[in-house]
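Student: In order, the protein sequence lines correspond to chains L and Z.
Per our numbering, the first sequence starts with residue 1, numbered consecutively.
Per our numbering, the second sequence starts with residue 1001, numbered consecutively.
Note that beta-carbon positions come from the ideal geometry of N, C-alpha and C, so glycine has one too.
These numbers come from a predicted model, not from an experiment.
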Amino acid sequence: MAAANVQPTRRVVLGGSAAAAIGGVFAGFGAGRATAAENGGAAPKATTAAHNPRFQPFHGKYQAGILTEPQAHAEFLGFNVHFEELARSEGIERIRSILKMLSTDAQRLMSGRGVLADTEPEMSHAASDLTVTVGVGQGLLDVLGYKSAFLGKLPAFAGEKLDARYGQSDLIIQCCAQDPTVLHHAVRALRKNLRGITEPAFAQSGFLHAAHPVLQGPGFRNLFGQLDGINNPTGEARELAVFGDAQEPSWIAGGTTLVLRRIEMNLDKWDEVDRAGRDFALGRRQSDGSPLSGTKPTDPVDLQAVDGLGLPAIAAHAHVARAKPETADEVLWRRGYNYHETQSSGLLFASYQRDPRSSFVPVQRRLAQVDALNEWITHAGSALYAILPGVAEGKYLGEELFSQNKQ
Amino acid sequence: MKYFKLTAALAAATTLLLTGCAQEPSAVAPQSSTDQMQGTQAEDLRTNETWAKAAEHGMSAAFGELRNEGASTLELESVTDKTHGTVIEIHDTQGQGAEARMAQHEGALLIKPAEEVVLTPGGTHFMYMDLKTELVASQTSTLQLNFSDGSSAEVQFPIRNFSGANESYHGSPEEHADHEGH
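1. Kindly indicate which three-state DSSP category GLY139 (chain L) falls into: helix, strand or coil?
2. Assess contact between the stretch 119 to 131 of chain L and the stretch 52 to 65 of chain L, defined as three or more Cβ pairs (one per stretch) separated by less than 8 Å. Is contact present?
3. Whole-angstrom Cβ separation of GLN168 (chain L) and GLY219 (chain L), contact assumed at under 8 Å?
4. Going by Cα to Cα distance, which pick from L:TYR62, L:ILE66 and L:HIS340 is closest to LEU332 (chain L)?
5. Could you tell me which residues DSSP puts in a beta bridge with LYS1053 (chain Z)?
6. Considering only their Cβ atoms, is the gap separating LYS1082 (chain Z) from GLN1041 (chain Z) smaller than 7 Å?
7. Flag this pair as touching only if the stretch 1048 to 1057 of chain Z and the stretch 1154 to 1161 of chain Z have three or more C-beta atom pairs under 8 Å; answer yes or no.
8. Check each candidate in L:HIS319, L:ALA210 and L:ARG284 and name the one with the smallest Cα separation from ALA368 (chain L).
9. What did DSSP end up calling ASN1146 (chain Z) once you bin it into helix, strand or coil?
10. Per DSSP, LEU1110 (chain Z) forms a beta bridge with which residues?
11. Give me whichever residues DSSP pairs with MET1102 (chain Z) in a beta bridge.
12. Look at the alpha carbon of TYR396 (chain L) and the alpha carbon of VAL134 (chain L), and state the distance between them as a whole number of angstroms.
13. So ASN193 (chain L) contacts chain Z; which residues on that side make the cut at Cβ distance below 8 Å?
14. Any heavy atom of the ligand PLP inside 6 Å of the beta-carbon of ALA1061 (chain Z)?
15. Bridge partners for TRP333 (chain L) per DSSP, in chain order?
16. When you compare each of L:ASN232, L:LYS269, L:SER287 and L:LEU140 to GLU84 (chain L) by their alpha carbons, which one comes out closest?
17. Determine whether the Cβ of SER97 (chain L) lies closer than 7 Å to any Cβ atom of chain Z.
18. Assuming GLY78 (chain L) and ALA201 (chain L) make a contact with CB atoms under 8 Å, what is their CB distance in whole Å?
19. Which residue's Cα is closest to the Cα of ALA64 (chain L): L:GLY381, L:SER111 and L:ALA87?
20. Which residues in the same chain have their Cβ closer than 7 Å to the Cβ of HIS1125 (chain Z), if we skip the five residues on either side of it in sequence?
21. Between ALA127 (chain L) and chain Z, is any beta-carbon pair separated by less than 7 Å?
22. Terminal residues of the continuous beta strand (DSSP E) containing MET1127 (chain Z)?
23. For a test of the three-state rule: what should DSSP assign to VAL409 (chain L), helix, strand or coil?
24. With a cut-off of 8 Å, do at least 3 Cβ pairs link the stretch 191 to 206 of chain L to the stretch 304 to 324 of chain L?
25. Excluding the 5 residues flanking ALA414 (chain L) on each side, which residues of the same chain have their C-beta closer than 7 Å to its C-beta?
26. Mind listing the chain Z neighbours of MET123 (chain L)? Cutoff is C-beta to C-beta under 8 Å, in chain order.
27. How would you label GLY1095 (chain Z), buried or exposed, when you count the other beta carbons within 10 angstroms and need 16 or more for buried?
28. May I ask you to report which of helix, strand or coil DSSP gives MET1059 (chain Z)?
29. Quick one: which chain Z residues come within Cβ less than 7 Å of ILE201 (chain L)?
30. Do you know whose CA, among L:VAL81, L:ALA380 and L:LYS324, lies nearest SER359 (chain L)'s CA?
31. List the DSSP bridge partners of ARG1067 (chain Z).
32. Cβ of ILE197 (chain L) less than 7 Å from any chain Z Cβ?
33. According to DSSP, which residues form a beta bridge with GLY229 (chain L)?
34. From GLU393 (chain L) to ILE377 (chain L), what does the alpha carbon distance come to, in whole angstroms?
35. Can you check which of these residues, L:VAL273, L:ARG238 and L:ASP142, is closest to THR256 (chain L) by C-alpha distance?
36. Quick one: what's got a C-beta closer than 7 Å to ASP1149 (chain Z)'s C-beta in the same chain, skipping five residues either side?
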């Protein structure tokens, strides 16, 4: 879609912040200081939650852990459900009982109690902003009869080298907390409870900065050293990008979708790149995240700006140039985490959006085609999930899916 | 943890209130109600934190807190699995660790007024003697608690994986090691 066709008619709320939000989507590459503008210049409150850990509510319109400011630690758990030996009706009941159990588990853990039959409930007592967020893959939706997939699977993208270990699973549980020990206990308890009825597909741990303030503004340092998430949408713009509205809803009211991509970073090769080369590849300065078309992190990514020689300040193939949303629909809320393992380091890219087909997919297609950063990154994992709506008291996660009327 | 006085009027609300979250509530549903003003033993029972240990076959156990909200002692005479017909016994565990041995509780299990009996691994518990059907984690086992006055209560026991509580398995072929599958 050419820039000339851009018609962000949707969302009045985006009118003000769309320009800022559209400034850059991916790794960080943006200026979420939109917050400051929206708040009339008040300091961004992005890290407030990190200063005062507490208990996050389980019940609500949306699941916790989505719009929530990212906690310091995360673990993404993938599971596959054993459907093979089950008749279809049994499979449906199995899903229902799993979702009921996860609802109970999530509520108990998030409120600081252990799960039922917990052998170490004391580990859950500390307030740490724990959130447990649950979604399902298309495979599980198929069993429930939702075959006319809103969701489906992510398409293949050029250049990716996918490792099946980090691929699509039936179930995703995103666990986040400020405290890694509380987080570990939650992960352990959830996995224990799912033993025997599911097969663990993956467990991917991520981290940001410690729960004390490191950055003044939004975002975090990714392992390339870049400020990631500067331009993430905030406030109402974030909510709209994630959950849509009456005119452009997500797959279900109160629900959204999660794209989980494992992006390996070749840190050794990145070491060879000097500061100017790094800034050129990203289109922003490593020092403070400011775009090469400006001087402050809050300055917009301006692809028309030229430098002293009359050359584009931001190269056409710089990451921010390619990632910049071309429409309001392309705005997504990135909630990724750094990861580091023995053999691999990188970014657990996690984005929430009402419809990946109009947001993540076109953006990623552009990036897969041309992005200066591609020289140092490899997409090794890819999965897409339907994130279940929030839960009212007395209900359980995904209860809406068991009605007779399939969409 | 809250216990709720259960009356007919409150029965519907109990599902919501007992756990505050309604998933797998430890709801108590009296089976026979005589004079409501007097209150049957079943109606004086409150349960909390109930769960049963997942098992494919052989033996298993159920745990939880049983509280007497009434004015007279509850006499729990027997427990039945009406859904699947597995024989349930009330057992006590004596001793600890490798020395732990289990024995059937003598007489009725007594719960004094305003007191509670906690069924726990290593303590008193309900024993499934020879499972007629698998206890699948995440599902719920419904047991009927029968009292000396002829009243009974249905109690939900959410089924969970639990590697402990093996005291009772001495001399039994199944001590299946659970694997988390890391």
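Tutor: Judging by the given coordinates:
1. Three-state result, GLY139 (chain L): helix.
2. Touching, yes.
3. Contact annotation, GLN168 (chain L) with GLY219 (chain L): C-beta distance approximately 28 Å; criterion of less than 8 Å not satisfied.
4. Among L:TYR62, L:ILE66 and L:HIS340, the Cα nearest to that of LEU332 (chain L) belongs to L:ILE66.
5. Secondary-structure assignment with DSSP links LYS1053 (chain Z) through a beta bridge to Z:ARG1160.
6. Result no, Cβ atoms of GLN1041 (chain Z) and LYS1082 (chain Z) do not sit closer than 7 Å.
7. Pairwise C-beta distances place the stretch 1048 to 1057 of chain Z in contact with the stretch 1154 to 1161 of chain Z, as three or more of them are shorter than 8 Å.
8. Here the closest residue by C-alpha is L:HIS319.
9. The answer is strand: DSSP assigns ASN1146 (chain Z) an E or B state.
10. Its beta-bridge partners are Z:GLU1075.
11. As computed with DSSP, MET1102 (chain Z) is found in a beta bridge with Z:THR1093.
12. Counting only the Cα atoms, VAL134 (chain L) lies some 11 Å from TYR396 (chain L).
13. Per Cβ cutoff of 8 Å: ALA1137, SER1138, ARG1160 and ASN1161.
14. Looking for the ligand PLP in the displayed structure turns up nothing, as the structure carries no ligands at all.
15. In DSSP, TRP333 (chain L) forms a bridge with L:TYR352.
16. Measuring C-alpha to C-alpha distances from GLU84 (chain L) to each of L:ASN232, L:LYS269, L:SER287 and L:LEU140 identifies L:LEU140 as the nearest.
17. Put simply, the CB of SER97 (chain L) is near chain Z, with a gap under 7 Å to one of its CB atoms.
18. With a Cβ gap of about 4 Å, GLY78 (chain L) and ALA201 (chain L) count as contacting.
19. Of the candidates L:GLY381, L:SER111 and L:ALA87, the one whose C-alpha sits nearest the C-alpha of ALA64 (chain L) is L:SER111.
20. Sequence-distant partners of HIS1125 (chain Z) (beyond 5 residues in either direction) whose C-beta falls short of 7 Å from its own C-beta, in its chain, are ALA1061, ALA1062, PHE1063, HIS1091 and LEU1119.
21. Not closer than 7 Å to any Cβ of chain Z, the Cβ of ALA127 (chain L) fails to qualify, so no.
22. Its beta strand (DSSP E) spans residues 1125 to 1128.
23. The requested residue 409 (chain L) is not part of the displayed model; chain L covers only 1 to 407.
24. Short answer: they don't touch.
25. Coverage of chain L is limited to positions 1 through 407, which leaves residue 414 (chain L) absent and any answer about it impossible.
26. By Cβ distance, chain Z contributes nothing, its closest Cβ being about 16 Å from MET123 (chain L), past 8 Å.
27. By the Cβ neighbour-count rule, GLY1095 (chain Z) is exposed, with fewer than 16 other Cβ atoms within 10 Å of its own.
28. Here DSSP, grouped into helix, strand and coil, assigns MET1059 (chain Z) to coil.
29. Looking at the sequence provided, one finds Ala at residue 201 (chain L) rather than Ile. Against ALA201 (chain L), chain Z offers no close residue; the least beta-carbon distance is about 10 Å (beta-carbon pairs closer than 7 Å).
30. The shortest Cα separation from SER359 (chain L) among L:VAL81, L:ALA380 and L:LYS324 belongs to L:LYS324.
31. Answer is Z:ARG1046 and Z:GLU1116, bridged to ARG1067 (chain Z).
32. Yes, contact with chain Z.
33. DSSP lists no beta-bridge partner residue for GLY229 (chain L).
34. If you take the alpha carbons of GLU393 (chain L) and ILE377 (chain L), they lie about 44 Å apart.
35. It is L:ARG238 whose Cα lies nearest to the Cα of THR256 (chain L).
36. Taking ASP1149 (chain Z) as the centre and dropping the five residues before and after it, the same chain places the C-beta of THR1040 and GLN1041 closer than 7 Å to its C-beta, in chain order.
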